[in-house]
Amino acid sequence: MCRVVRAALLSAAVIATTLGASATAEAFCGFYVAGADAKLFNNATLVVMMRDGTKTVLSMQNNYQGPPENFAMVVPVPVVLQKEDVKTLPSTIFER
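What follows is the structure in structure tokens.
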């Protein structure tokens, strides 16, 4: 019985330590591509991911700073997107 109690206490301590030590995750779900001499900068991205059944919607608000011409933002997705699948949303969508 003592062995069971000790194992339970050890498990509880490991779980508490793991949950208490979680850190903030920082990442960007894509990357920018431009010419060799282009200066690209983005220090904040707000991402909202919604799922309804098998449909997933990923909305991103970036503060990209750099030349608007000859650059692309590449976001890996599991299917080939069509032009009608990509939309520009008003910034008020992200204010909630």
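Per this note's numbering, the sequence shown starts with residue 18, numbered consecutively. Ideal Cβ placement from N, Cα and C applies to all residues, glycine included. Being a predicted model, the structure only gives us computed values, none of them experimental.
Query	Result
Cβ contact check for the stretch 93-104 and the stretch 53-61: 3 or more pairs under 8 Å	no
Residue 21 in three-state terms, based on DSSP	helix
Residue interval of the beta strand (DSSP E) (run including residue 62)	62-69
Identity of the residues DSSP links to residue 73 by a beta bridge	68
C-alpha gap between residue 84 and residue 90, whole angstroms	13 Å
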